[in-house]
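Visitor:
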Amino acid sequence: MAASYQPSKSDKFTFGLWTIGNPGRDPFGEPVRPPLKPHEIVKIVGELGGYGVNFHDNDLIPIDASASERDSILRDFKKALDDHGVCVPMATTNLFSDPIFRDGAFTSNDARVRAYALQKTMNAMDLGASLGAKTYVFWGGREGTEVDASKDPRDGIKHFRDALNFLCEYSNDQGYGLRFALEAKPNEPRGDIYFATTGNYLGFIETLDHPEMVGVNPEVAHETMAGLNFFHAVGQALEAGKLFHIDLNDQRPGRYDQDFRFGSESFKICFFLVKLLEDSGYEGPRHFDAHAYRTEDLEGVKAFAAGCMRTYLILKEKAERWNADKEIQDLLAAIKREDPELESLCRGYSAEKAKALKARAFDRKEICRHPLQYERLDQLTCEVIYGVR
Ligand code: GCO
Ligand code: MN
Ligand code: MN
Numbered sequence: 130m131a132a133s134y135q136p137s138k139s140d141k142f143t144f145g146l147w148t149i150g151n152p153g154r155d156p157f158g159e160p161v162r163p164p165l166k167p168h169e170i171v172k173i174v175g176e177l178g179g180y181g182v183n184f185h186d187n188d189l190i191p192i193d194a195s196a197s198e199r200d201s202i203l204r205d206f207k208k209a210l211d212d213h214g215v216c217v218p219m220a221t222t223n224l225f226s227d228p229i230f231r232d233g234a235f236t237s238n239d240a241r242v243r244a245y246a247l248q249k250t251m252n253a254m255d256l257g258a259s260l261g262a263k264t265y266v267f268w269g270g271r272e273g274t275e276v277d278a279s280k281d282p283r284d285g286i287k288h289f290r291d292a293l294n295f296l297c298e299y300s301n302d303q304g305y306g307l308r309f310a311l312e313a314k315p316n317e318p319r320g321d322i323y324f325a326t327t328g329n330y331l332g333f334i335e336t337l338d339h340p341e342m343v344g345v346n347p348e349v350a351h352e353t354m355a356g357l358n359f360f361h362a363v364g365q366a367l368e369a370g371k372l373f374h375i376d377l378n379d380q381r382p383g384r385y386d387q388d389f390r391f392g393s394e395s396f397k398i399c400f401f402l403v404k405l406l407e408d409s410g411y412e413g414p415r416h417f418d419a420h421a422y423r424t425e426d427l428e429g430v431k432a433f434a435a436g437c438m439r440t441y442l443i444l445k446e447k448a449e450r451w452n453a454d455k456e457i458q459d460l461l462a463a464i465k466r467e468d469p470e471l472e473s474l475c476r477g478y479s480a481e482k483a484k485a486l487k488a489r490a491f492d493r494k495e496i497c498r499h500p501l502q503y504e505r506l507d508q509l510t511c512e513v514i515y516g517v518r
């Protein structure tokens with residue numbers, strides 16, 4: 130299994146303009162790196178073997194840009210996309226930086242703010258669609274509260290639903306064919322953000338006018354901040370046919386939003402995540418929503434971006450190794466006990482089946498005698514990840 134871990138376009142690795150372009154500002158410190166122009170970021174992504182770049186409207190076009198500034202930025206950006214064979218699979222709206230969003234966008238108490246958020250999003254959808262985006266991400270960073278006296282969460286949810294219903298129709302009306310991907314986060318920048326987890330969104334989506342157009346964009350860091358198992362969250366999204374996009378990075382539980390290089394912290398979860406994405410045949414982009422440490426200069430930023438992709442490919446190879454490992458597969462086969470008769474009894478209710486099942490005797494002690502050997506299974510998994518197997 131010789132592998133170069135060299136990314137190619139077919140791996141579908143993407144970066145946000147805001148990730149490679151992150152200047153290293155944090156709540157306590159000023160930027161440590163000069164800003165990069167969008168076309169310079171495209172060049173970096175292309176040269177490193179990336180497939181695409183994603184952006185918030187204002188990553189590309191500053192909020193107060195004049196028409197001629199906009200034209201010149203777009204010209205340079207499109208040229209760089211062509212020159213480096215980089216595409217734009219996803220776009221999104223910045224509904225959090227400008228002071229107008231200080232208390233939310235779609236969920237603001239102020240009808241003018243909600244209307245402006247809709248207008249800004251329609252304009253950003255026009256921009257994204259014009260550059261080829263097929264997925265549109267909604268991250269409600271400011272949709273939440275510190276002061277629960279200020280808003281009834283039921284109103285926040287209703288406003289958010291109204292906005293998404295409106296925007297689904299807008300996309301259809303324009304013939305954009307966009308799919309919406311909702312990104313959950315428990316907190317930061319708000320004290321508490323509505324729809325704190327991917328599971329919250331999966332429940333909410335079914336209440337929309339066009340649930341088929343809307344899925345999720347889970348992020349490693351966000352579920353991990355909440356102390357949840359990201360592998361499980363992605364499993365539920367995939368099983369529901371709702372994994373429309375994914376934000377890969379890394380994070381230690383219980384900390385601020387760290388956005389570390391993919392696979393730099395939680396080796397085991399990242400291993401199972403990559404294995405799940407690959408085994409499931411997920412075809413969407415592998416998007417890295419992370420940024421380089423504040424200690425880094427431009428070379429460090431490139432090392433960070435290359436590292437995200439290289440680690441993904443290393444874990445992909447480990448997953449293949451795990452799948453092909455005879456001892457692991459024998460252990461898995463021994464865990465699963467099939468019983469076609471019992472399984473058919475338990476699937477698809479009928480009064481007869483219920484009666485037959487209630488009459489059935491189960492030998493609890495006998496069932497427990499069978500060892501599961503999870504110690505061995507987990508040790509072998511660790512050894513695959515540690516590279517000695
Ligand atoms: C964050 C989020 C954002 C979103 C981005 C795209 O914690 O800041 O992850 O980076 O992913 O706004 O919607
Ligand atoms: Mn994030
Ligand atoms: Mn994200």
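Quick note: the sequence shown uses our numbering, first residue 130, plus one each step. Ideal Cβ positions, reconstructed from N, Cα and C, are used throughout, including at glycine. No experiment lies behind these values; they were computed from the predicted model shown.
#1: Check whether the Cβ of GLY273 lies closer than 8 Å to any heavy atom of ligand 1, and answer yes or no.
#2: Going by C-alpha to C-alpha distance, which of PHE401, ASP193, PHE400, GLU169 sits closest to ALA209?
#3: Alpha carbon to alpha carbon, how far is LYS314 from GLY356? Give it in angstroms, no decimals.
#4: Would you check if the distance between the CB atom of VAL266 and the CB atom of PHE230 is smaller than 9 Å?
#5: Please classify TYR503 as buried or exposed, where buried requires at least 16 neighbouring CB atoms within 10 angstroms.
#6: What ranges does the beta strand (DSSP E) occupy inside the segment 396-482, keeping only unbroken runs of at least 3 residues that lie completely in it?
#7: Is the segment 402-413 in contact with the segment 455-462, if contact means three or more CB pairs nearer than 8 Å?
#8: Going by DSSP, which residues form a beta bridge with ASN183?
#9: Closer than 8 Å: is that where the CB of ASP212 sits relative to any heavy atom of ligand 1?
#10: Shortest alpha-carbon distance to ALA485 belongs to which of CYS497, GLU472, ILE496?
#11: Excluding five sequence neighbours on each side, which residues of the same chain lie with their C-beta closer than 6 Å to the C-beta of ASP140?
#12: Can you find a heavy atom of ligand 2 that lies under 8 Å from the Cβ of ALA350?
#13: Quick one: what does DSSP say CYS511 is sitting in, helix, strand or coil?
#14: Using only the alpha-carbon positions, how far apart do GLY304 and ASP277 sit?
#15: In this structure, how does DSSP classify THR326 when only helix, strand and coil are distinguished?
#16: Could you check which residue in PHE157, THR143, ARG162, ILE514 has the C-alpha nearest to that of PHE396?
#17: May I ask which residues mark the beginning and end of the alpha helix (DSSP H) holding ARG493?
#18: Exposed or buried, ALA434, counting other C-beta atoms within 10 Å across all chains shown (16 or more means buried)?
#19: Check whether the Cβ atoms of MET251 and CYS297 lie closer than 9 Å to each other.
#20: Using the three-state DSSP reduction, which class does ARG243 fall into: helix, strand or coil?
#21: Is the beta carbon of ASP388 within less than 8 Å of some heavy atom of ligand 4?
#22: Would you say the segment 224-242 touches the segment 325-339, given that touching needs at least three Cβ pairs under 8 Å?
#23: Do the segment 213-220 and the segment 251-264 make contact, defined as three or more Cβ pairs closer than 8 Å?
#24: Is the CB-CB distance between PHE144 and GLY181 below 9 Å?
#25: Reducing DSSP to helix, strand and coil, say where MET130 ends up.
#26: Which one of LYS494, ILE375, ARG498 has the shortest CA to CA distance from PHE417?
#27: Return the CA-CA distance between LEU460 and THR353, expressed in angstroms with no decimal places.
#28: May I have the straight-line CA-CA distance separating LEU501 from GLY477, to the nearest angstrom?
#29: May I ask you to verify whether the segment 234-246 touches the segment 268-284, counting CB pairs closer than 8 Å and requiring at least 3?
#30: Quick one: Cα of LEU367 to Cα of SER195, how far?
#31: Compute the minimum distance between the beta carbon of GLY150 and the heavy atoms of ligand 1, and state whether it is under 8 Å.
#32: Measuring CA to CA, which of ILE192, VAL174, PHE225, SER201 is closest to CYS437?
#33: How long is the line joining the alpha carbons of PHE389 and GLU198, rounded to whole angstroms?
#34: Mind checking who THR264 pairs with in its DSSP beta bridge?
#35: Quick check on THR336: does DSSP put it in helix, strand or coil?
#36: Relative to the C-alpha of LEU203, which residue among TYR245, LEU256, LEU506 is closest?
Guide: The answer reads as follows:
#1: False, no ligand heavy atom lies under 8 Å from that Cβ.
#2: Of the candidates PHE401, ASP193, PHE400, GLU169, the one whose C-alpha sits nearest the C-alpha of ALA209 is GLU169.
#3: Within the model, the alpha-carbon separation for GLY356 versus LYS314 is close to 12 Å.
#4: Contact flag unset, no.
#5: By the 10 Å Cβ count, TYR503 comes out exposed.
#6: Counting only runs of 3 or more residues that sit fully inside the segment 396-482, the beta strand (DSSP E) segments are 415-417, in chain order.
#7: Fewer than three beta-carbon pairs drawn from the segment 402-413 and the segment 455-462 are found closer than 8 Å, and the two stretches are therefore not classed as touching.
#8: For ASN183, which the question treats as bridged, DSSP gives the partners GLY145.
#9: Every heavy atom of ligand 1 is 8 Å or more from the Cβ of ASP212, so no.
#10: With distances taken between Cα atoms, ALA485 lies closest to GLU472.
#11: Close CB contacts of ASP140 within its chain, under the 6 Å cut and outside five residues either way in sequence, are absent.
#12: In this structure, ALA350 has its beta carbon less than 8 Å from a heavy atom of ligand 2.
#13: Note: CYS511 maps to helix in three-state DSSP.
#14: CA-to-CA, the gap between GLY304 and ASP277 works out to about 39 Å.
#15: Correct three-state label for THR326: coil.
#16: Of PHE157, THR143, ARG162, ILE514, the residue nearest in Cα terms is ILE514.
#17: Per DSSP, ARG493 belongs to the alpha helix (DSSP H) from 493-498.
#18: ALA434 is buried by the Cβ-count criterion.
#19: No, Cβ-Cβ distance for MET251 and CYS297 is not below 9 Å.
#20: Assignment of ARG243 by DSSP, reduced to helix, strand and coil, places it in the helix class.
#21: Among the ligands present in this structure, namely ligand 1, ligand 2 and ligand 3, ligand 4 is not found.
#22: As far as the Cβ criterion goes, the segment 224-242 does not touch the segment 325-339, which means the pair count is below three.
#23: Flag = yes, the segment 213-220 and the segment 251-264 touch.
#24: The criterion of a C-beta distance shorter than 9 Å is satisfied by PHE144 and GLY181.
#25: Bear in mind that the predicted position of MET130 carries a pLDDT of just 47, short of 50, making it unreliable; the figure below should be weighed with that in mind. For MET130, the three-state secondary structure derived from DSSP is coil.
#26: Closest by alpha carbon: ILE375.
#27: For LEU460 and THR353, the distance between alpha carbons rounds to 29 Å.
#28: Whole-angstrom Cα-Cα distance: 29 Å.
#29: By the C-beta criterion, the segment 234-246 is judged to be in contact with the segment 268-284, since at least 3 inter-stretch pairs fall below 8 Å.
#30: Between LEU367 and SER195, the C-alpha separation is close to 42 Å.
#31: No, Cβ of GLY150 sits at least 8 Å from all heavy atoms of ligand 1.
#32: Residue VAL174 is the option with its Cα nearest to CYS437.
#33: If you take the alpha carbons of PHE389 and GLU198, they lie about 33 Å apart.
#34: Per DSSP, MET219, ARG308.
#35: The answer is coil: DSSP assigns THR336 none of H, G, I, E or B.
#36: Relative to the Cα of LEU203, the nearest Cα in the group TYR245, LEU256, LEU506 belongs to LEU256.
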